[in-house]
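These notes concern the structure reproduced below.
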Amino acid sequence: MIYLDSAATSFQKPSSVIRAFENTLKTAASPGRGAYRAALRAAEAMLDMREDAAALFHFPDPERIVMTMNATHALNLAIRSLVSAGNRVVISGFEHNAVLRPLYALGAEVRVAGRTLFNSEEMLEEFRRELPGAKAAVCTHVSNVFGYVLPIKEIGKLCKKNGVALILDASQSAGVLDIDCRELGADFIAMPGHKSLLGVPGSGLLLCGAEASPLFFGGSGGDSMDPEMPTYLPDRLEAGTQNAPAAAALSAGIGYIRKAGRSRIEAHEKELMRHMSALLGKHEEIEQFVSNEDEMSGVLSFRVKGRDCEMIAQSLGEQGICVRSGLHCAPLAHESAGTLESGTVRMSFSPFNTHAEIETAAAKLIKII
């Protein structure tokens, strides 16, 4: 099997991640629910994870890093903390449904800025025009469909200039691209644990630079006499028993990234993307969505003239090449790029893919065509 769907979830995990998950499953109970060794071991796993994430993202206060079920959970927490019905919210033209659906459910006034693929100047100009008077901006760091790296630092500066809160969706960038919270100044940064952070499904993080409101209510391990949720983080947003094995796996994933070198991982994934693009570029019937500038991550979308994207992906899957096709839960991005009716086939790369795998997958695709 050649796995090229890491933008959905990282399938290949470092052995350290598997060991950390299994060991914690065997030795840890419920964090914050007792003074015996198994409970304390769980609490240590949670604390270690927060400290490791704070170090990776240069976030000043580990206790303001909240563990969530996934990035969607984290985005809902952030959006509902800042946005109310009727508030104007500016988003990019490449947002995931994890952003769109919470905003529409709240009845926000959504303004879309930047609908042209790989055109950061246009996007910044439209953000510049739409931000005055807005309550918040929500922006993905990297398009999950096209690998387009948005000009998030410049958008952050525009938000600060206009007094607009910023929520960053780092689902496709955390663990690969440089995320320095000291520079970005985002109010919230949401991310999954199971993608490029190399953790397990069912885990995510919300970095809280602003005050947050709970989405769930219940026990937090302390202040049991108070009918209200605690006022302090992370307890305020972590109702119920937290997933200590997933936290330990996330710590191990972050440890792998720091040891291997985040910048090396980024360079490797981009090299694989460019290698695949060069091989596919020899065939006129393949339409790729690429930029010659350094504004792409390790994601490559394409479609084949006269062929159904779902059938292409199915045929690849039958030969052991794992890719994703369709709209990728991001119809807005496809609408912006003009691919809403057809969707695309997406290949996404990881630290564990090789150039030999790229050549094999490309050859099998050409044979299918």
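The C-terminal position of the sequence shown is numbered 376 in the numbering used here, with every residue numbered one higher than the one before it. Where a beta carbon is used, it is the ideal one built from N, C-alpha and C, also for glycine. As the structure is a prediction and not an experimental result, all values here were calculated from the model.
Judged by DSSP in its simplified three-state form, Thr147 adopts strand.
At the C-beta level, Leu244 and Pro221 come within 8 Å of one another. Counted as a single uninterrupted DSSP element, the beta strand (DSSP E) harbouring Ser355 occupies residues 351-355. Beta-carbon to beta-carbon, Ala60 and Leu212 are separated by about 6 Å, close enough to satisfy the 8 Å threshold. Secondary structure of Gln321 (DSSP, three-state): helix.
Of Arg87, Ser270, Leu287, the smallest CA-CA separation from Val183 is found for Ser270. When the alpha-carbon of Pro252 is set against those of Ser37, Phe18, Thr16, the nearest one is in Ser37. With respect to Phe309, Leu334 sits apart: the two C-beta atoms are not nearer than 8 Å.
Taking a C-beta distance under 8 Å as the contact criterion, Leu63 and Ile264 qualify as a contact pair. Rounded to whole angstroms, the Cβ separation of Leu165 and Ala193 is 13 Å, and the two are not in contact under 8 Å.
In the pairwise beta carbon analysis, the stretch 306-322 is classified as touching the stretch 287-298: at least three pairs are separated by under 8 Å.
Note that the C-beta distance between Arg48 and Ala27 is not below 8 Å.
In the assembly as shown, Ile25 is an exposed residue. Its beta-carbon has fewer than 16 other beta-carbons within 10 Å. By alpha-carbon distance to Val96, the top candidate from Ile319, Ala115, Ser332 is Ala115.
CA-CA distance, Ile196 to Phe296, rounds to 27 Å.
Measuring C-alpha to C-alpha distances from Thr351 to each of Gly327, Glu325, Ile98, Gln321 identifies Gln321 as the nearest.
Residue burial annotation: Thr361 is exposed, with fewer than 16 other C-beta atoms found within 10 angstroms of its C-beta. Judged by their CB atoms, Thr147 and Ser210 are not nearer to each other than the 8 Å cut-off.
The alpha-carbon of Glu364 is positioned some 13 Å away from that of Glu276. Beta-bridge partners assigned by DSSP to Gln326: none are found. Considered as a whole, the stretch 52-134 harbours 78-89, 104-113 as its complete alpha helix (DSSP H) runs of no fewer than 4 residues, in chain order.
Fewer than three beta-carbon pairs drawn from the stretch 222-241 and the stretch 148-156 are found closer than 8 Å, and the two stretches are therefore not classed as touching.
Contact annotation, Leu11 with Ala368: C-beta distance approximately 6 Å; criterion of less than 8 Å satisfied.
DSSP, reduced to helix, strand and coil, places Ile196 within a strand of the structure shown.
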